[in-house]
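Please read the structure below before turning to the comments.
Protein chains: 2
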Amino acid sequence: MDTSFKSDMLKQFSHYFKQLEVPAKTMLLQEGQISRTMYFIEKGCLRTWVNNDGKDITTQFFFEGDAVSSIESFRTNQPSLYSIESLEPCVLQTLSAKDFQEILDASPEFRKSMEDRMFKRFYQAQQIFYSYLKNTPQKRYEELLQQYPHIVQRVPQHYIASYLGITSVSLSRIRNRR
Amino acid sequence: MDTSFKSDMLKQFSHYFKQLEVPAKTMLLQEGQISRTMYFIEKGCLRTWVNNDGKDITTQFFFEGDAVSSIESFRTNQPSLYSIESLEPCVLQTLSAKDFQEILDASPEFRKSMEDRMFKRFYQAQQIFYSYLKNTPQKRYEELLQQYPHIVQRVPQHYIASYLGITSVSLSRIRNRR
DNA sequence: GTCATTTATTAACAATTGTTATCGTTGGAA
DNA sequence: TTCCAACGATAACAATTGTTAATAAATGAC
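As you go down the protein sequences, you meet chains A and B in turn. Under our numbering, think of the first position of the first sequence as 1, with each following residue one higher. Under our numbering, think of the first position of the second sequence as 179, with each following residue one higher.
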């Protein structure tokens, strides 16, 4: 997965992209499968999630302007550790892993920018992980509310709960605690 | 940080490395500082940890043969999110970020291999994170015991506890529960 | 060997969360 | 509009963990 894909990159290689419209709750990638597509969100929102004994745990939300893919899956040829699913009806621009590789090979600037972006992503992923290690669910909820209020407003609460690592019951308690 | 550094890589560029011997509990990198060195463990063991209100949380352990650095720090020029510290007296081989860059530029094979390794590292980091999301501390402890018994044997228990995300008191209870 | 520090166990209590279930409310599909 | 599924709140109870403190054992420095 990958956020903040430069829009000029998108424009520069726009002929590679194909538009795809999907309704809500559409699975774009199944956990365990090797990713072959990158999605760029024009309208709507997606989430990534992992299965845990039948219950699902949301790991991230994506919105307009975000690029989403299991890039580490199609780069390492390993099965994706998570699923990608639409939460709303979406308008997406899709790019195949093959075309992605082609652009990589054709454009050293693009390759360089991808490399930089991976390190930044890695750095961000660590920040998220450490916030998870350091803070209680209550504090994480408060931070989410403060930093990304649009997520809390837009996404059903039980997805937020699993994103915070708690049940929807527990999140409901936290919300009505004050 | 980076595990399973190829030993032939080390040999090939061995003249860049300098040996460093440190006693236990030596800070090799302070959280918040920009990393300028990569460490290769010849003998001993290191840990990475983050500070949380005075208490420290261990995020990873490293042993003989592992390469350790805040590579995402010296690549993105961002402050390291964690500290690196020796747990035992260590014999280390050190490589400066500058020399590391030099080797990167001199050897396309090395650069390619670094790129691949980063994607694998990213994939592994996700697995660790997801195991954290999915499992109880008890289950994580059992998995650690099963997959990496040498860590449990070699490292003091309170470091293991913070690595599992619990207090040493709670780990002691888990251990004596059966 | 002695002493101080580090490490691990145990107890008691508070706080939080999970689980299960019930009950309104809402929103979309037919 | 009607109906059904999805969503959110709440209650009651069990289970786990955190906190603080006391104590014992192990380790390392001298």
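Beta carbons are placed, not taken as given, at the ideal position from N, Cα and C, and that holds for glycine.
Sub-8 Å separation of residue i and residue j beta-carbons
i                      : j                      : result
residue 323 of chain B : residue 333 of chain B : no
residue 130 of chain A : residue 259 of chain B : yes
residue 208 of chain B : residue 261 of chain B : yes
residue 137 of chain A : residue 170 of chain A : yes
residue 205 of chain B : residue 273 of chain B : no
residue 125 of chain A : residue 245 of chain B : no
residue 110 of chain A : residue 254 of chain B : no
residue 357 of chain B : residue 139 of chain A : With chain B covering 179 to 356 only, the question about residue 357 of chain B has no answer from this structure.
residue 174 of chain A : residue 148 of chain A : no
residue 202 of chain B : residue 266 of chain B : yes
Beta-bridge partners of residue i, as assigned by DSSP
i                      : result
residue 16 of chain A  : Looking at the DSSP assignment, residue 16 of chain A forms no beta bridge with any residue, so it has no partner.
residue 239 of chain B : B/225
residue 83 of chain A  : A/49
residue 219 of chain B : B/270
residue 207 of chain B : B/262
residue 109 of chain A : In the DSSP output, where bridge partners are listed per residue, residue 109 of chain A has none listed.
residue 169 of chain A : None, per the DSSP bridge assignment.
residue 99 of chain A  : In DSSP, residue 99 of chain A forms no bridge with anything.
residue 68 of chain A  : A/39
Minimum Cβ-Cβ distance from residue i to chain A less than 8 Å
i                      : result
residue 217 of chain B : no
residue 269 of chain B : no
residue 293 of chain B : yes
residue 281 of chain B : no
residue 238 of chain B : no
residue 198 of chain B : no
Spatial neighbours of residue i in its chain, beta-carbon cut-off 6 Å, leaving aside the 5 residues before and after
i                      : result
residue 336 of chain B : 346
residue 199 of chain B : 269
residue 241 of chain B : 223
residue 13 of chain A  : 103
residue 60 of chain A  : 48
Cutoff 7 Å; reference residue i; Cβ partners in own chain excluding five residues on either side
i                      : result
residue 211 of chain B : 257, 258
residue 57 of chain A  : 49, 50, 162
residue 150 of chain A : none
residue 127 of chain A : none
residue 278 of chain B : 216
Proximity test, Cβ basis, 8 Å: residue i and chain B
i                      : result
residue 152 of chain A : no
residue 50 of chain A  : yes
residue 32 of chain A  : no
residue 4 of chain A   : Bear in mind that a pLDDT of 49 at residue 4 of chain A, under 50, signals an unreliable position, so the model cannot answer this.
residue 68 of chain A  : no
Contacting residues, own chain, Cβ-Cβ under 8 Å from residue i (five flanking each side not counted)
i                      : result
residue 35 of chain A  : 29, 69, 70, 71, 73, 74, 80, 97
residue 193 of chain B : none
residue 195 of chain B : 188, 218, 271, 272, 273
residue 343 of chain B : 235, 310, 315, 318
residue 55 of chain A  : 162
Check: residue i C-beta below 7 Å from any heavy atom of the ligand COA
i                      : result
residue 128 of chain A : Within the structure as shown, the ligand COA is missing, as the structure has no ligands at all.
Could you run through the region 296 to 318 of chain B and flag, in chain order, every residue whose CB is less than 9 Å away from some CB of chain A? 296, 297, 298, 299, 300, 301, 303, 304, 305, 306, 307, 308, 310, 311, 312, 313
Pull out every residue of the region 70 to 95 of chain A whose Cβ sits closer than 7 Å to any Cβ of chain B, in chain order. The region 70 to 95 of chain A vs chain B, Cβ under 7 Å: 72, 75, 76, 78, 81.
Quick one: which residues of the region 144 to 173 of chain A get their C-beta closer than 7 Å to a C-beta of chain B? List them in chain order. 165
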